[in-house]
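Numbering (my numbering), first residue to last: 5 to 304. Backbone N, C-alpha and C fix where the C-beta goes; we use that ideal spot for every residue, glycine too. Remember, predicted model here, so these are calculated numbers, not experimental data.
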Amino acid sequence: MEKELKLNSVEVKSDTSLKEKLWVIIPVVLLVGLLTVLVYNHHAEFSWNGFVSGFNQEFLVFFFIGVFAQLVDGTLGMGYGATSTSFLLAYGVPPVVSSTGVHVAEMFTTGVSAISHHRFGNINKKLVKHLLIPGVLGSITGAYLLSDVINGDVIKPFIAVYMIILAIIIIRKALKKSIIKKKTKKLGFLATFGGFMDAVGGGGWGPIVTSTLLGRGRNPRYTIGSVNAAEFAVSFASGITFMLFGGIHGWQVIIGLILGGVIAAPLGAYLVNKIKRKPMMIAVGVLIILLSLKTLSKLL
5 MEKELKLNSV EVKSDTSLKE KLWVIIPVVL LVGLLTVLVY NHHAEFSWNG
55 FVSGFNQEFL VFFFIGVFAQ LVDGTLGMGY GATSTSFLLA YGVPPVVSST
105 GVHVAEMFTT GVSAISHHRF GNINKKLVKH LLIPGVLGSI TGAYLLSDVI
155 NGDVIKPFIA VYMIILAIII IRKALKKSII KKKTKKLGFL ATFGGFMDAV
205 GGGGWGPIVT STLLGRGRNP RYTIGSVNAA EFAVSFASGI TFMLFGGIHG
255 WQVIIGLILG GVIAAPLGAY LVNKIKRKPM MIAVGVLIIL LSLKTLSKLL
């Protein structure tokens, strides 16, 4: 009887251990596979000569945008797309290139971020499962529309206005004094809407999903870690859709954002409970508004 109990205990532990490892193995396998495909299909851009020829002042700008945007996203659970897209649009990068670049880069940065949050124990697995499939479906729909249906030049001012709205949401959440914990309903709808707006606008998953969940009184640490983990699947789905229907443009943007984001992702996951959220959220919100106003002033 005791031997049977011990054997059952060992089986349960090994099963749990395997499930835990899958949270790291799946992102790693997907990222290695993606990198292999990208290098194979675009070897000229990934060659040493291609990399060196692209290494200039612009590349450094995109690299530092990637670092800053990922630190914002990793510590606040929101803002990567909004921050990086606002910077890129303000710098003069076209909407389709900026959105494709942000989402292809996010395939890598969110993967590293998800692994890092898992490493620091910041993930609520049940919440991730509720957000995953609806978020992926919303992001695929949005990415398809932007790649194959919507004209980037026409939508550019609307994206800038959308970014201002996201920034106001971020600042409003930061200024809210007391949050009463409430049960979160319609998680699937929330995730679908967040994934769709993220793909079309180049950002919005965090400000829509994270801010809503935090506004309902959920624990910041596990909310941020879980939303970041689900974002890996959302970004992966939209990134693949952009590749299939719109192709990949702007390698300087993509590689700069990837390198900056991958370097900053573990630091962001570590700092999630170390910094004061409210001042950071207000500062990021104000910055996004200023960048979006600059983009609108150029268009008008």
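- Message: Please report the distance separating the alpha-carbon of residue 163 from that of residue 205.
- Response: Stepping through the sequence shown from its first residue, residue 163 is reached at position 159. Stepping through the sequence shown from its first residue, residue 205 is reached at position 201. Spanning the two alpha carbons is a distance of roughly 5 angstroms.
- Does the segment 108–127 come close enough to the segment 135–145 to have 3 or more Cβ pairs within less than 8 angstroms? No: the two stretches stay apart, fewer than three of their Cβ pairs being nearer than 8 angstroms.
- Query: Quick one, are the C-beta atoms of residue 145 and residue 236 less than 7 angstroms apart?
  - Reply: Translated into the one-based positions of the sequence shown, residue 145 becomes position 141. Translated into the one-based positions of the sequence shown, residue 236 becomes position 232. Taking 7 angstroms as the Cβ cut-off, residue 145 and residue 236 do not qualify as a contacting pair.
- Query: From this set, 255, 297 and 86, which residue's C-alpha is nearest residue 207's C-alpha?
  - Reply: As a position in the sequence shown, residue 207 is number 203, starting the count at 1. Per the Cα distances, 86.
- Per the contact definition of three or more C-beta pairs closer than 8 angstroms, is the segment 23–33 in contact with the segment 214–223? At 8 angstroms Cβ cutoff, the stretches do not touch.
- If you draw a straight line from the alpha carbon of residue 150 to that of residue 102, how long is it in whole angstroms? Taking the sequence shown and counting its residues from 1, the one referred to as residue 150 is at position 146. Taking the sequence shown and counting its residues from 1, the one referred to as residue 102 is at position 98. Looking at the two C-alpha atoms, the distance is approximately 12 angstroms.
- Item | Classification of residue 21 by the beta-carbon crowding that lies within 10 angstroms, buried from 16 upward | Working through the sequence shown from its first residue, we reach residue 21 at position 17. When all chains shown are included, residue 21 counts as exposed.
- Message: Please identify the residue among 78, 241, 77 and 171 whose C-alpha is closest to the C-alpha of residue 141.
- Response: For the purposes of this step, residue 141 is taken as residue 137 along the sequence shown, with counting starting at 1. Of the candidates 78, 241, 77 and 171, the one whose C-alpha sits nearest the C-alpha of residue 141 is 241.
- Query: Going along the chain, which residues of its own chain have a beta-carbon closer than 6 angstroms to the beta-carbon of residue 245, five neighbours each way excluded?
  - Reply: The sequence position of residue 245 within the sequence shown is 241, counting from 1. The residues 144, 147 and 148, in chain order, have a CB closer than 6 angstroms to that of residue 245 in the same chain once the five nearest residues on each side in sequence are set aside.
- Message: Which of the three DSSP states is assigned to residue 127 in this structure?
- Response: Locating residue 127 in the sequence shown gives position 123, counting from the first residue. For residue 127, the three-state secondary structure derived from DSSP is coil.
- Task: Could you name the residues of the same chain whose beta carbon sits closer than 6 angstroms to that of residue 228, not counting the 5 residues immediately before and after it, in chain order?
- Result: Position 224 of the sequence shown holds residue 228. Cβ neighbours of residue 228 beyond the five flanking positions: 81 and 276.
- Message: Cutting at 7 angstroms between CB atoms, please list the residues of its own chain near residue 9, excluding the five before and the five after it.
- Response: Counting from one through the sequence shown, the residue named residue 9 turns up at place 5. Here residue 9 scores only 48 on pLDDT, less than 50, and its place in the model is too uncertain to base an answer on.
- The alpha helix (DSSP H) with residue 210 in it runs from where to where? Position 206 of the sequence shown, counting from 1, holds the residue named residue 210. From DSSP, residue 210 is part of no alpha helix (DSSP H); its letter is neither H nor E.
- By how many angstroms is the C-alpha of residue 214 removed from the C-alpha of residue 243? Here residue 243 refers to the residue found at position 239 when the sequence shown is read from its first residue. Here residue 214 refers to the residue found at position 210 when the sequence shown is read from its first residue. Spanning the two alpha carbons is a distance of roughly 21 angstroms.
- Might you give, ordered along the chain, the residues of its own chain that have their beta carbon closer than 8 angstroms to the beta carbon of residue 179, omitting 5 neighbours on each side? By 1-based counting over the sequence shown, the position of residue 179 is 175. Around residue 179: 282 and 286.
- Three-way DSSP call (helix, strand, coil) for residue 247 in this model: Working through the sequence shown from its first residue, we reach residue 247 at position 243. Residue state, collapsed to three classes: helix.
- Query: Do the segment 195–203 and the segment 63–76 make contact, defined as three or more Cβ pairs closer than 8 angstroms?
  - Reply: By the Cβ test, the segment 195–203 is not in contact with the segment 63–76, since fewer than three Cβ pairs between them sit closer than 8 angstroms.
- Message: Comparing C-alpha positions only, which one of 110, 61, 255 and 211 sits nearest to residue 35?
- Response: Numbered from its first residue, the sequence shown carries residue 35 at position 31. Minimum Cα distance to residue 35 is reached at 110.
- Grouping DSSP H, G and I as helix and E and B as strand, with all else coil, what is residue 14? Here residue 14 refers to the residue found at position 10 when the sequence shown is read from its first residue. Unreliable positioning characterises residue 14 in this predicted model, as indicated by a pLDDT of 46, which lies under 50. A coordinate reading is not provided.
- Item | Cβ-based neighbour list, residue 298, same chain, cut-off 6 angstroms, excluding 5 preceding and 5 following | If you number the sequence shown from 1, residue 298 lands on position 294. Excluding residues within five positions, the ones whose Cβ falls inside 6 angstroms are 94.
- DSSP on residue 252, reduced to helix/strand/coil? In the sequence shown, counting from the first residue as 1, residue 252 sits at position 248. Residue 252 falls in the coil class under three-state DSSP.
- Message: Using the Cβ count rule (16 or more neighbours within 10 Å means buried), how would you classify residue 91?
- Response: As a working mapping, residue 91 is identified with position 87 in the sequence shown. By the neighbour-count rule (16 or more Cβ atoms within 10 Å), residue 91 is buried.
- Please name the residue, chosen from 216, 128, 152 and 68, that lies closest to residue 190 on a Cα-to-Cα basis. As a working note, residue 190 is residue 186 in the sequence shown. The shortest C-alpha separation from residue 190 is found at 216.
- Message: Spatial neighbours of residue 106 within its chain, please: C-beta separation below 6 angstroms, excluding the five flanking residues on both sides.
- Response: Residue numbering aside, residue 106 sits at position 102 when the sequence shown is read from its first letter. Cβ neighbours of residue 106 beyond the five flanking positions: 85, 88, 89 and 206.
- Message: So, under 8 angstroms CB-CB, residue 261 and residue 70 are touching, yes? Tell me the CB distance rounded to an integer number of Å.
- Response: Residue numbering aside, residue 261 sits at position 257 when the sequence shown is read from its first letter. Residue numbering aside, residue 70 sits at position 66 when the sequence shown is read from its first letter. With 8 angstroms as the limit, residue 261 and residue 70 qualify as a contact, their Cβ atoms being about 4 angstroms apart.
- Task: Say yes only if the C-beta of residue 127 is nearer than 6 angstroms to one or more non-hydrogen atoms of the ligand SAM, and no if none qualify.
- Result: For the ligand SAM, the structure offers nothing, since it holds no ligand at all.
- Are there 16 or more other CB atoms within 10 angstroms of the CB of residue 104, so buried, or fewer, so exposed? Here residue 104 is taken as the residue at index 100 of the sequence shown, counted from 1. Classification for residue 104: buried.
- Query: Quick one: what's got a C-beta closer than 7 angstroms to residue 263's C-beta in the same chain, skipping five residues either side?
  - Reply: As a first step, residue 263 is located in the sequence shown; it is residue number 259 there, counting from the start. The answer, listed in chain order, is 67 and 70.
- Would you say residue 296 and residue 167 are within 7 angstroms of each other, going by their C-beta atoms? Within the sequence shown, residue 296 is the residue found at index 292, counting from 1. Within the sequence shown, residue 167 is the residue found at index 163, counting from 1. It is a contact, given that the beta carbons lie within the stated cut-off.
- Query: So the alpha helix (DSSP H) residue 221 belongs to, where does it begin and stop?
  - Reply: Looking up residue 221 in the sequence shown gives position 217. The continuous stretches of alpha helix (DSSP H) do not include residue 221, and DSSP gives it neither H nor E.
- Query: Do residue 233 and residue 118 have their C-beta atoms closer together than 7 angstroms?
  - Reply: Here residue 233 refers to the residue found at position 229 of the sequence shown. Here residue 118 refers to the residue found at position 114 of the sequence shown. Taking 7 angstroms as the Cβ cut-off, residue 233 and residue 118 qualify as a contacting pair.
- Message: Using CA atoms only, rank isn't needed, just tell me which of 99, 152, 266 and 126 is closest to residue 158.
- Response: As a working mapping, residue 158 is identified with position 154 in the sequence shown. Among 99, 152, 266 and 126, the Cα nearest to that of residue 158 is on 99.
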